[in-house]
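Protein chains: 2
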Amino acid sequence: MQFTSGIVEQAVEALSSFPGIGKRTALRLVMYLLKRPEMEVAHLADSILQLKTELQLCEICYNVSDAVLCNVCKNPNRTEEVICVVEDFSDLMAIEATAQFKGKYHVLGGLLSPMDGVGPDDLTIGKLIERLDNSNTKEVLMALSANVEGDTTMFYLAKKLQSRPLIITCIARGISVGGEIEYADEITLGRSIAQRTEYVV
Amino acid sequence: MQFTSGIVEQAVEALSSFPGIGKRTALRLVMYLLKRPEMEVAHLADSILQLKTELQLCEICYNVSDAVLCNVCKNPNRTEEVICVVEDFSDLMAIEATAQFKGKYHVLGGLLSPMDGVGPDDLTIGKLIERLDNSNTKEVLMALSANVEGDTTMFYLAKKLQSRPLIITCIARGISVGGEIEYADEITLGRSIAQRTEYVV
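These protein sequences, in sequence, are chains A and B.
Residues 1 to 201 in my numbering are what the first sequence lists, from first letter to last.
Residues 1 to 201 in my numbering are what the second sequence lists, from first letter to last.
Pasting the structure below:
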């Protein structure tokens, strides 16, 4: 690209550092910004900056939070009897959107991945164990992705927690609601048969 | 989406105002930013802000510019004998990338579009005529998009300039280099036949 302005070039470079945004898309975004009122652009810049300057991690569950404690941990209607372990806050948001879970969360901040050099100390696993020592938690529900890293992390967690008087569960794997059996992959279909549930009329 | 943090929600809202970026993509971008060092995020926010606070329009050609005059107008090797009229600075950048044009530019800032209420006074057409009055320009090359608005603008410009001792040209329309005749649309193919050029061996 042949830039005639250093300021435009710098903005394109910065925006194209986003995953999935190339230089052409970044230039389109810059052109869009140039046409917006200054106040709106300032608001965008400020919102981005606040992510690093004002956002913090909840002291209890390591969810992103505007204050020392996150909205879930602050909520007196949520019980710590069940703690749902998730990889990241976007998974937490997805579960919150289902309105099916009334317990609290623990955000690991990643998954174990020896290949990428991510070990137990890089995650909040130690903090989870410390937390379990001081709470009345009865169940730990692991809601982690169904991939190698997720499986590794679940195995590690289950081993770590097995000596405690806890029920350790993981979310059900199976055919998606609305999914057709014909098109399901073998592993999912196999698991949905092995872990079949009683059909209650 | 169920946000547990107002700061994250605000950033997602702001980023999803970009064209082509929905809330899910915006959330992915926010998650990416959260993992980057503060300095990098501050640089991004600053680059965005500078687009409105420091960028200006070149006094001569209305290209975006870091200073009073843009890099093309400042360049003593560029001649004003040919002025290339473009819709926006991204078109200027595309033409600069070809390295085929050695003249100067005039950025209209849009195209005539009565349907959208864009008239001649909303563009820099008056400034172009003023500029032509005070220069030794011999040719005006119109490099505008091949759509209704582009055609309307070219017709209007040509009418406005026809009384002057100027050659008025427009970029060639035809089959793209590498394009296959079989798949070309009828209008393009028709035009490429009507405007055929002599084949020089």
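Just so it is clear, CB atoms sit at the ideal spot from N, CA and C, and this is done for glycine as well.
In whole angstroms, what is the alpha-carbon distance linking A97 (chain A) and E9 (chain B)?
-> 14 Å
Interface partners of P76 (chain B) on chain A, CB under 7 Å = Ordered by position in chain A, no residue passes the 7 Å Cβ test against P76 (chain B), which lies about 16 Å from the chain.
Does the segment 175-192 of chain A come within contact of the segment 150-163 of chain A, defined as at least 3 CB pairs closer than 8 Å?
-> no
Tell me the DSSP bridge mates of C84 (chain B)?
-> B:Y105, B:L141
Interface flag, Y62 (chain A) vs chain B, CB-CB below 8 Å | no
Using DSSP with H/G/I as helix, E/B as strand and the rest coil, what is T169 (chain B)?
-> strand
Going straight from the alpha carbon of T188 (chain A) to that of M115 (chain A), what length do you get?
-> 25 Å
F18 (chain B) versus chain A: which residues are under 7 Å apart at the beta carbon?
-> L29, Y32
Could you confirm whether any beta carbon from chain A is found closer than 8 Å to the beta carbon of E198 (chain B)?
-> no
Contacts of E38 (chain A) in chain B (Cβ-Cβ under 8 Å) | K52, T53
DSSP beta-bridge partners for Q56 (chain A)?
-> A:S65
Name the two residues that bound the continuous alpha helix (DSSP H) containing T98 (chain B).
-> 89-98
Local Cβ density within 10 Å of V200 (chain B), reported as buried at 16 or more and exposed below that = exposed
Pick out whichever of B:S163, B:F3, B:V140, B:K160 has its Cα sitting closest to the Cα of I171 (chain B).
-> B:V140
For I175 (chain A), which option in A:S192, A:K159, A:S163, A:I125 has the closest C-alpha, if you only look at C-alpha atoms?
-> A:S192
Extent of the continuous alpha helix (DSSP H) to which C73 (chain B) belongs | 71-74
C-beta neighbour in chain A for A14 (chain B), strict 8 Å | yes
Residue of B:I7, B:A146, B:G103 minimising C-alpha distance to L111 (chain B) = B:A146
Residue interval of the alpha helix (DSSP H) (run including G126 (chain A)) = 125-133
For S192 (chain A), three-class secondary structure by DSSP = helix
Can Y199 (chain B) be considered in contact with the ligand NAD, in the sense that its beta carbon sits closer than 7 Å to one or more heavy atoms?
-> Absent from the structure shown: the ligand NAD. Ligands present: none.
Using a Cβ cut-off of 8 Å (strictly closer), state whether H202 (chain A) contacts chain B.
-> Nothing about residue 202 (chain A) can be read from this structure; chain A reaches only from 1 to 201.
Can you find a CB in chain B that lies within less than 8 Å of the CB of F3 (chain A)?
-> yes
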